[in-house]
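Right, one structure below, let's go through it.
In our numbering, the protein residues as written are 4 to 386.
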């Protein structure tokens, strides 16, 4: 069983119009308080915990100075050790600097993830991104020169006024960079974001048929580039280039979240930290932990989540293996789940490959709806 550590660095130079993650514009006093809080939270991690993967996300981790990144990294390693297999750090093109990359690699980071989203300057403006294509290439040159082996590029599609030829152009540009991994995300309209407000006001509309075309275009084009899809939104040049941290999360293994708003699934519980830095710090100081919204993880909930996220992966699911893994629960009605899976198969959304059920192309396009039906079945059984 793998265990991951997620560290949330909540600072951004500005808020992108699509982003619903907790973030703040950095003030030095808050940044120092944050670093102190992370040190304290690292201290609370059980000494016996071994982490296989680490992921620093945000926010924009590289908005921190090289000195602050070093302090955060050394603090983490001091308390959890450095016997991990993968350490990813997210970064924005406008914040990539050679000294920061060197510090991160010296600390033991193995993977850089660059949030490009698009090479089209007009689309970047519509997303509220601060970078431009020139900064993308400058950042990538620095990343390449750093000598890091594993890299990821984040791209987005179904953006306002984006056409299929724009998406084709963006993916060609992304491929030309030579990244070992590529993630493609359909624009979603999260509440409390600028784009959601525009959607609510009727200034933007969701075109499901167009989204479908973007998905298919991306999957087909990336295959011609030599990328191998291993999850709905994730593609790797080789199996060793996959994001281990995300794979472990999708397989419902444990992960521990540190920092404001970070979520955890750890030792039988699922919970999150308070969103604001001040509330998070106050909880740490007064209770020695910052857990909120804590729920006990039942075996049947883990089972259905394993189904939902497992089906998103191209390897699919082995229903017998999952039933055996979560066999301690009397609430799992294997017959009902098999009946629903067989229904998906008859509708052309699933196919049987050996002992595994795998989404068809049509199933991949309907994966969210399939997940909702599986979750509804679990909730009916628990009612």
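We put the beta carbon where it would ideally sit given N, CA and C, even for glycine.
Report the three-state DSSP secondary structure of residue 51 (helix, strand or coil). coil
6 Å Cβ shell around residue 326 - same chain, five flanking residues per side excluded: 337
Sequence ranges, beta strand (DSSP E) only - wholly within the region 85-166, length at least 3: 89-94, 114-120 and 153-160
Run through DSSP, which three-state label would residue 370 get? helix
Does residue 106 pass the burial test, meaning 16 or more other C-beta atoms within 10 Å, or should it be called exposed? buried
Using C-beta distances below 6 Å, list every residue in its chain close to residue 259, excluding the 5 sequence neighbours before and after it, in chain order. 8, 267 and 269
Residue 371 versus residue 311: straight-line alpha-carbon distance, rounded: 9 Å
Would you be able to state if there are at least three C-beta pairs under 8 Å between the region 121-128 and the region 69-87? no
By how many angstroms is the C-alpha of residue 241 removed from the C-alpha of residue 341? 33 Å
Measure the C-alpha to C-alpha separation of residue 98 and residue 68 and round it to an integer number of angstroms. 9 Å
Any chance the region 158-169 sits against the region 208-220, with 3 or more Cβ pairs inside 8 Å? yes
Quick check: what's the CA-CA separation for residue 60 versus residue 378? 28 Å
Pairwise C-alpha distance: residue 33 and residue 281: 9 Å
Along the beta strand (DSSP E) that carries residue 8, what are the first and last residues, could you check? 6-12
Same chain, Cβ closer than 7 Å to residue 373, neighbours up to 5 away in sequence not counted: 314, 347, 352 and 366
3 or more residues per run - each beta strand (DSSP E) lying fully within the region 310-385: 353-356 and 359-362
Is DSSP giving residue 68 helix, strand or coil here? coil
Going by alpha carbons, who is nearest to residue 173 out of 238, 224, 96 and 71? 224
Three or more C-beta pairs below 8 Å linking the region 226-241 and the region 300-307: no
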